[in-house]
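*Asks:* Okay, handing you the structure first.
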Amino acid sequence: MRRLTFLLRPSWVILAAVVVAFAYLCFTVLAPWQLGKNVRTSHRNDLIAASVNATPVDITDLLNTPNSKDTEWRRVVATGSYVPGSTVLERLQRLDDKPAYGVLGVFRLADGRELLVDRGLIAAAEGTQLPPIAEPPAGPQRIEGRVRKSEGVIPGKEPMTQAGYRQVYSIDAAEESTVLGTALTTVPTGDRGGYLQLSERQPGAFTPEPLPQLDAGPYLSYGLQWIAFGVMAPLGLGYFVVAEIRERRRERGVPPATTAPAEPVPATSATSADPVATPPAPPKSNADRLADRYGGTRR
1178 MRRLTFLLRP
1188 SWVILAAVVV
1198 AFAYLCFTVL
1208 APWQLGKNVR
1218 TSHRNDLIAA
1228 SVNATPVDIT
1238 DLLNTPNSKD
1248 TEWRRVVATG
1258 SYVPGSTVLE
1268 RLQRLDDKPA
1278 YGVLGVFRLA
1288 DGRELLVDRG
1298 LIAAAEGTQL
1308 PPIAEPPAGP
1318 QRIEGRVRKS
1328 EGVIPGKEPM
1338 TQAGYRQVYS
1348 IDAAEESTVL
1358 GTALTTVPTG
1368 DRGGYLQLSE
1378 RQPGAFTPEP
1388 LPQLDAGPYL
1398 SYGLQWIAFG
1408 VMAPLGLGYF
1418 VVAEIRERRR
1428 ERGVPPATTA
1438 PAEPVPATSA
1448 TSADPVATPP
1458 APPKSNADRL
1468 ADRYGGTRR
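This is the structure in structure tokens:
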């Protein structure tokens, strides 16, 4: 055990603490973070793929089942009419890689319940200026779209009124209820309420956001990489510990160099052709031995 006392030096203790902390983060934070994203993305892709060829269902069927789960991306139809003066704009959007606004509105069903509807995107005019926004058609309408989960509220981004329109930074049914001063009915999606995103060529629709690419992304490989890093870090530390132990054993096995006293050379017999005796090399210091071992440069 005395041969391992060098591990108690501050440099080794700090190195071991860093390695242990890094491995702990790999297994408990970094790898689960990426693997969780892979699971959520794969689940989303499955829901989208299943909804492509599925027959749309009436929105009231979902509203009457409050404990419905996995309803996001499901295609639905709704019958009713748009509520006049209920337009809300979503700021900081992009359409064809240019500034745009999302246009939201309220759709009142035949039974009186009101839903938040995403009418789509409209390009900004002259850079970021607000373009003219047409009101949705009046009278009874039948619309088709997809169920979407509320995005939540962005901290520090409060609703505002500009250019005569109420504007928000995300689509959240609860926030829009407060902005509009009306009780909106949210579509059950499992963990939080949702809204209706209009499909193409629907009454009152602008350009809808495209469906996400059905690609799981690199999250699985990233998660496996973090697991590999968490395994390799302790192994690397063990390698350096073993290498240090072997080097210390080798040094203890080499006897210290002894130098016999040089015999004096008579002055009368010395000539210029005689070889000059070379004095013995001084013993190496710890810094010299470390430089030889690890390839450092002595200054």
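Letter by letter, the sequence shown follows residues 1178 to 1476 of the numbering used here.
All residues carry an ideal CB built from backbone N, CA and C; glycine is no exception.
In angstroms with no decimal places, state the Cα-to-Cα distance between R1285 and L1307.
*Replies:* To locate residue 1285, count along the sequence shown from 1; it is residue 108. To locate residue 1307, count along the sequence shown from 1; it is residue 130. Going from the Cα of R1285 to the Cα of L1307 covers about 26 Å.
*Asks:* Work out the CA separation of L1401 and V1364 for me, nearest whole Å.
*Replies:* To locate residue 1364, count along the sequence shown from 1; it is residue 187. To locate residue 1401, count along the sequence shown from 1; it is residue 224. Distance between the alpha carbons of V1364 and L1401 is about 36 Å.
*Asks:* Going by DSSP in three states, D1235 sits in which element: helix, strand or coil?
*Replies:* To locate residue 1235, count along the sequence shown from 1; it is residue 58. Reduced to three states, the DSSP call for D1235 is strand.
*Asks:* By alpha-carbon positions, which one of E1352, P1317, S1327 and V1324 ends up nearest to K1334?
*Replies:* Looking up residue 1334 in the sequence shown gives position 157. Cα-wise, what sits closest to K1334 is E1352.
*Asks:* What's the C-alpha gap between K1275 and G1370?
*Replies:* Numbered from 1 along the sequence shown, position 98 holds the residue referred to as residue 1275. Numbered from 1 along the sequence shown, position 193 holds the residue referred to as residue 1370. If I take the Cα positions, the gap works out to 30 Å.
*Asks:* Taking I1348 and S1327 to be in contact with their CB atoms under 8 Å, please state how far apart those CB atoms are, rounded to whole angstroms.
*Replies:* Stepping through the sequence shown from its first residue, residue 1348 is reached at position 171. Stepping through the sequence shown from its first residue, residue 1327 is reached at position 150. Yes, they are in contact, since the Cβ atoms of I1348 and S1327 sit about 6 Å apart, within 8 Å.
*Asks:* Quick one: is V1265 buried, meaning 16 or more other Cβ sit within 10 Å of its Cβ, or exposed?
*Replies:* The residue labelled residue 1265 in the question sits at position 88 within the sequence shown. With 16 or more other Cβ atoms within 10 Å, it is buried.
*Asks:* If you drop the 5 nearest sequence neighbours on each side, which residues of the same chain put their C-beta closer than 7 Å to that of G1329?
*Replies:* Walking along the sequence shown from the start, residue 1329 turns up at place 152. Correct list, in chain order: S1347 and D1349.
*Asks:* Quick check on DSSP: helix, strand or coil for Q1379?
*Replies:* Taking the sequence shown and counting its residues from 1, one reaches residue 1379 at position 202. In this structure, Q1379 counts as coil in the three-state DSSP scheme.
*Asks:* Apart from the five residues on each side of it in sequence, which residues of its chain come closer than 7 Å, Cβ to Cβ, to T1366?
*Replies:* For the purposes of this step, residue 1366 is taken as the residue at position 189 of the sequence shown. Cβ within range, chain order: T1248, E1249, V1324 and K1326.
*Asks:* In terms of alpha-carbon separation, which member of I1422, G1430, E1424 and G1415 lies closest to L1192?
*Replies:* Position 15 of the sequence shown, counted from the first residue, corresponds to residue 1192. Nearest of I1422, G1430, E1424 and G1415 to L1192, Cα basis: G1415.
*Asks:* What residue range does the alpha helix (DSSP H) around P1385 cover?
*Replies:* Here residue 1385 corresponds to residue number 208 of the sequence shown, with the count starting at 1. First-last for P1385: undefined, no H or E at that position.
*Asks:* Exposed or buried, L1185, counting other C-beta atoms within 10 Å across all chains shown (16 or more means buried)?
*Replies:* If you number the sequence shown from 1, residue 1185 lands on position 8. It is exposed - the Cβ of L1185 has fewer than 16 other Cβ atoms within 10 Å.
*Asks:* Going by DSSP, what residue range makes up the alpha helix (DSSP H) through P1411?
*Replies:* Locating residue 1411 in the sequence shown gives position 234, where the first residue counts as 1. Unbroken alpha helix (DSSP H) run through P1411: Y1396 to G1430.
*Asks:* With a threshold of 8 Å between beta-carbons, can Q1270 be considered close to chain B, or not?
*Replies:* Of the chains in the structure shown, none is chain B; there is only one protein chain.
*Asks:* How many angstroms separate the CA atom of P1380 from the CA atom of L1207?
*Replies:* Within the sequence shown, numbered from 1, the residue matching residue 1380 stands at position 203. Within the sequence shown, numbered from 1, the residue matching residue 1207 stands at position 30. Rounded to whole angstroms, P1380 to L1207 spans 45 Å at the Cα level.
*Asks:* Quick test of your reading: S1263 and L1357, contact by CB under 8 Å. State the CB separation rounded to the nearest angstrom.
*Replies:* The residue you call residue 1263 lines up with position 86 of the sequence shown. The residue you call residue 1357 lines up with position 180 of the sequence shown. That belief holds up - the Cβ atoms of S1263 and L1357 are roughly 6 Å apart, short of 8 Å.
*Asks:* Should G1257 go down as buried or exposed, given a rule of 16 or more other Cβ atoms within 10 Å for buried?
*Replies:* Along the sequence shown, read from residue 1 onward, the residue named residue 1257 stands at position 80. Label assigned to G1257: buried.
*Asks:* Looking at T1237: is its Cβ nearer than 8 Å to the Cβ of A1393?
*Replies:* On the sequence shown, position 60 is the one that residue 1237 refers to. On the sequence shown, position 216 is the one that residue 1393 refers to. Contact: no.
*Asks:* Assuming Q1211 and Y1396 make a contact with CB atoms under 8 Å, what is their CB distance in whole Å?
*Replies:* Walking along the sequence shown from the start, residue 1211 turns up at place 34. Walking along the sequence shown from the start, residue 1396 turns up at place 219. Sure, about 5 Å apart at Cβ, within 8 Å.
*Asks:* Would you mind sorting R1427 into buried or exposed? The rule is 16 or more other CB atoms within 10 Å of its CB.
*Replies:* Within the sequence shown, residue 1427 is the residue found at index 250, counting from 1. Flag for R1427 reads exposed.
*Asks:* For A1340, which residues in the same chain have their Cβ closer than 6 Å to its Cβ, ignoring the five residues on either side in sequence?
*Replies:* Walking along the sequence shown from the start, residue 1340 turns up at place 163. So the qualifying residues of the chain are L1307.
*Asks:* Leaving out the 5 sequence neighbours to the left and right, which residues in its chain are closer than 7 Å to L1388 when beta-carbon positions are compared?
*Replies:* Here residue 1388 corresponds to residue number 211 of the sequence shown, with the count starting at 1. Here the set comprises I1225.
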